[in-house]
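> Structure below; questions to follow.
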Amino acid sequence: MSTQQETFISHLIELRDRLIRALLVVVVVFVCLMPWAGDIYDILAKPMMDTLPEGTHMIATGVVTPFFVPVKVTMMVAFVLALPWVLFQAWAFIAPGLYAHEKRMALPLVAGSTLLFLIGMAFCYFFVFGMVFSFIAEFAPKSIVPAPDIEQYLSFVMSMFIAFGVTFEVPVAVILLVKAGVVDVAKLKEMRPYVIVGAFVIAAIVTPPDVISQLMLAIPMCLLYELGIILARWMSKPVPAATESAYVPPSIEDMDRELDQIEASERTDKG
């Protein structure tokens, strides 16, 4: 077996071990949270329940839906709680193959993108859901008693979490484009009008058909684009070399003294 094949197989074995370690922690956290699966779903459903008429509850149309939906939510929470360990395993696998400057750049980007994704989910849960559900409840006819299905509610919540989480990754995407040399900061500024239009188009596609949710997705996207430009400008500033700035050219007297020392050394060697 050649050296390349042995190296490739060793990388596959290490990848398998890292995946198993990450999966084990997720499973352990999931098992620990399972006794409170119903309470976890109640927390997720709280923004919707706060806008429903008093005495109204959500419904489950499937036979096993009341069991599987809280299990899915608990699994999602377990993955989020175990995410630092999962990212550590991913970092431990790829770090040996990176150069020093790539390590300095990759670690902050991975940590920053993860934090921004979680902030996007939190923004959606604490601010967007309440306003969107209240807006929908106000426009619902009085003859209708809303009773959302828990499975459809979970699907809606997951799609919104992903949409806002990805939206909050805009600064990271801008920085990567600048660092990769695809665009520069000046070009990003020129693209600002197109980005604003694109943000509202994306918001209209991925959010419910109401103005509130579309504005609450499009406006943060535009603001985060501006933040990405600021960070990209700061990170792309050339760093002056300390050795060049500290260099002082020798004077004529120093050069003559150096030549005299060389000549004296040569005469000593001949003698």
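According to the UniProt record's numbering, the sequence shown is numbered sequentially starting from 1. Think of the CB as a built atom: it goes at the ideal place given N, C-alpha and C, for glycine as much as any other residue. Since this is a predicted model, take the numbers as computed values, not measurements.
With distance defined between alpha-carbon atoms, name the residue in Y99, Y41, I175 and Q89 nearest to L19.
Residue 19 sits at position 19 when you count from the first residue of the sequence shown. Measuring from the Cα of L19, the nearest candidate turns out to be Q89.
> Would you check if the stretch 103 to 117 and the stretch 60 to 71 touch, i.e. whether three or more CB-CB distances between them fall below 8 Å?
Counting Cβ pairs under 8 Å, fewer than three are found: no touch.
> Which two residues bound the contiguous alpha helix (DSSP H) that contains residue 307?
Here the chain has residues from 1 to 271 only, and residue 307 is not among them.
> Closer than 8 Å is the cut-off here; do at least three beta carbon pairs connect the stretch 136 to 153 with the stretch 41 to 60?
A contact exists between the stretch 136 to 153 and the stretch 41 to 60.
> Could you tell me which of T74, V86, F126 and V31 sits nearest to L15, measuring between CA atoms?
For this step, residue 15 is matched to residue 15 along the sequence shown. Of the listed residues, the one whose Cα sits closest to L15 is V86.
> Do the CB positions of I205 and M131 come within less than 8 Å of each other?
In the sequence shown, the residue the question calls residue 205 occupies position 205. In the sequence shown, the residue the question calls residue 131 occupies position 131. Not a contact, by the Cβ cut-off of 8 Å.
> Tell me the rounded alpha-carbon separation between A180 and A106.
Here residue 180 refers to the residue found at position 180 when the sequence shown is read from its first residue. Here residue 106 refers to the residue found at position 106 when the sequence shown is read from its first residue. Their Cα atoms are separated by approximately 13 Å.
> Quick check: the Cα distance between F93 and R21, rounded to an integer number of angstroms?
As a working note, residue 93 is residue 93 in the sequence shown. As a working note, residue 21 is residue 21 in the sequence shown. Answer to the nearest angstrom: the Cα atoms are 12 Å apart.
> Measure the beta-carbon distance from L109 to T74 and round it to whole angstroms, keeping in mind my assumption that it falls under 8 Å.
To locate residue 109, count along the sequence shown from 1; it is residue 109. To locate residue 74, count along the sequence shown from 1; it is residue 74. Wrong, their Cβ atoms sit about 30 Å apart, outside the cutoff.
> Under the assumption that P171 contacts L227 (Cβ atoms under 8 Å), give the Cβ distance between them as a whole number of angstroms.
Position 171 of the sequence shown holds residue 171. Position 227 of the sequence shown holds residue 227. That belief holds up - the Cβ atoms of P171 and L227 are roughly 5 Å apart, short of 8 Å.
> Using alpha carbons as the reference points, say which of V71, G97 and L24 lies closest to T7.
As a first step, residue 7 is located in the sequence shown; it is residue number 7 there, counting from the start. Checking every option, the nearest Cα to that of T7 belongs to G97.
> In three-state DSSP terms, what is D184?
Locating residue 184 in the sequence shown gives position 184, counting from the first residue. Correct three-state label for D184: coil.
> Comparing the C-beta of G130 with each C-beta of chain C, is any distance below 8 Å?
Absent here is chain C; the protein component of the structure consists of one chain.
> According to the neighbour-count rule (16 or more other Cβ atoms, all chains shown, within 10 Å of its Cβ), is P193 buried or exposed?
Within the sequence shown, the letter at position 193 stands for residue 193. Classification of P193: exposed, given that the 10 Å Cβ count is below 16.
> Output the boundary residues of the alpha helix (DSSP H) element that contains V195.
As a first step, residue 195 is located in the sequence shown; it is residue number 195 there, counting from the start. Its alpha helix (DSSP H) spans residues R192 to V206.
> Where does D50 sit, in a helix, a strand or coil, going by DSSP?
Residue mapping note: residue 50 aligns to position 50 of the sequence shown, counting from 1. Note: D50 maps to coil in three-state DSSP.
> How long is the line joining the alpha carbons of P70 and V185, rounded to whole angstroms?
Within the sequence shown, the letter at position 70 stands for residue 70. Within the sequence shown, the letter at position 185 stands for residue 185. Looking at the two C-alpha atoms, the distance is approximately 46 Å.
> Considering only residues of the stretch 43 to 95, which uninterrupted alpha helix (DSSP H) runs meet the minimum length of 4 residues and lie entirely inside it, listed in chain order?
The qualifying runs are 65 to 81 and 83 to 94.
> List the whole-angstrom C-beta distance separating A140 from P148, where the pair is believed to meet the contact cut-off of C-beta under 8 Å.
As a position in the sequence shown, residue 140 is number 140, starting the count at 1. As a position in the sequence shown, residue 148 is number 148, starting the count at 1. Actually they are not in contact, since the Cβ atoms of A140 and P148 sit about 11 Å apart, beyond 8 Å.
> Expressed to the nearest angstrom, what Euclidean distance is found between the alpha-carbon atoms of I230 and E54?
For this step, residue 230 is matched to residue 230 along the sequence shown. For this step, residue 54 is matched to residue 54 along the sequence shown. I230 and E54: Cα-Cα distance of roughly 47 Å.
> I'd like to know whether the C-beta atoms of A82 and V166 end up nearer to each other than 8 Å.
Locating residue 82 in the sequence shown gives position 82, counting from the first residue. Locating residue 166 in the sequence shown gives position 166, counting from the first residue. Not closer than 8 Å, so no.
> Output the distance between the C-alpha atoms of S143 and F164, rounded to the nearest integer angstrom.
What you label residue 143 is simply residue 143 of the sequence shown in a count that begins at 1. What you label residue 164 is simply residue 164 of the sequence shown in a count that begins at 1. Near 33 Å, if we compare the C-alpha coordinates of F164 and S143.
> K103 and A95 look like a contact to me (Cβ under 8 Å); what is the Cβ gap, rounded to whole Å?
As a first step, residue 103 is located in the sequence shown; it is residue number 103 there, counting from the start. As a first step, residue 95 is located in the sequence shown; it is residue number 95 there, counting from the start. Right, the Cβ-Cβ distance comes to about 6 Å (below 8 Å), so this counts as a contact.
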